[in-house]
Amino acid sequence: MPYPYLENLVTMLNVPLFYVPGNHDPTYNAQDSRTYAEGGSNLDLKLVRHKKTLIGGFGGSIRYKPNGSNQYTQTEAYLRSAQLLPRLLWNKIRRGRALDILITHSPPFGIHDEPTQAHQGLKAINWLLRAAKPRYHFHGHTHFQRQNLSPSETVNGETKIVNIFPYKVIEV
Ligand SMILES: [Zn+2]
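The sequence shown finishes on residue 222 if you use this note's numbering, and the numbering steps up by one all the way, no holes.
Shown next as structure tokens:
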């Protein structure tokens with residue numbers, strides 16, 4: 051979603067906004083307000099605690115263009131996801147669980163993804179799900195109006211994986 055739209059939501063509704071950038075968003079740059087949603091929390095490679103809920107994020111998709119922003123090879127995605135490990139472990143020790151909600155742009159590999167290069171899921175997200183065991187995983191990137199006939203919700207171990215495209219209202 052365009053950042054000005056998200057900024058409007060935050061301003062008009064006075065609600066918290068947690069988001070991750072996708073492959074159609076620009077590369078984050080603190081000096082350039084066009085590259086983030088003002089008033090929101092960009093959760094890419096971050097973990098926050100909001101009203102006792104542990105929320106973590108992982109932006110971007112599989113790389114399919116050499117210079118595309120927020121795109122990663124499977125290996126690059128693994129290396130990025132490892133950066134979340136210390137905080138996940140800390141949560142596990144301190145709060146008895148690593149994560150409640152994982153927000154990513156890409157789906158995991160083999161779940162809600164598509165065989166085309168641009169819509170292949172990230173294996174690093176499967177790893178994050180196994181390591182952190184969140185109750186929910188919300189993702190986008192794959193769009194059901196095309197040929198993707200997979201369901202929008204899948205239960206995987208202790209996690210309910212939800213494709214939130216085009217939007218979802220979920221009570222936690
Ligand atoms: Zn996408």
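We put the CB at the ideal spot given by N, CA and C, even for glycine.
For Leu179, same chain residues with a beta-carbon under 8 Å away, outside a window of 5 residues either side, are Leu152, Pro158, His187, Asn206, Gly207, Thr209 and Ile211 in chain order. Look at His155: its beta carbon is less than 7 Å from one of the heavy atoms in ligand 1.
Nearest neighbour of Leu67 by Cα position, chosen from Gly90, Pro76 and Asn73, turns out to be Gly90. Burial state of Ala148 is buried, judged by a 10 Å Cβ sphere holding 16 or more other Cβ atoms. The segment 76–151 is shown to contain whole alpha helix (DSSP H) runs of 4 or more residues at 124–132 and 135–145, in chain order.
DSSP, read as helix, strand or coil, puts Leu67 in coil. By the neighbour-count criterion, in which a residue is buried when 16 or more other Cβ atoms sit within 10 angstroms of its Cβ, Leu104 is buried. For Gly107, the shortest C-beta to heavy atom distance toward ligand 1 is 7 Å or greater. A residue is called buried when at least 16 other Cβ atoms come within 10 angstroms of its Cβ; Ala80 does not meet this threshold and is exposed. Only residues of its own chain outside the window of five on either side were considered, and among them Gln121, Tyr122 and Thr123 have a CB closer than 6 Å to the CB of Arg113, listed in chain order. By the Cβ-count criterion, Thr77 is exposed, with fewer than 16 other Cβ atoms from all chains shown falling within 10 Å of its own Cβ. In this structure, the alpha-carbon of Leu93 lies about 6 Å from that of Gly106. DSSP places Asn73 in the coil class of the three-state scheme, outside both helix and strand.
Using a cutoff of 7 Å, the CB of His74 counts as near ligand 1, since one of the ligand's heavy atoms is closer than that.
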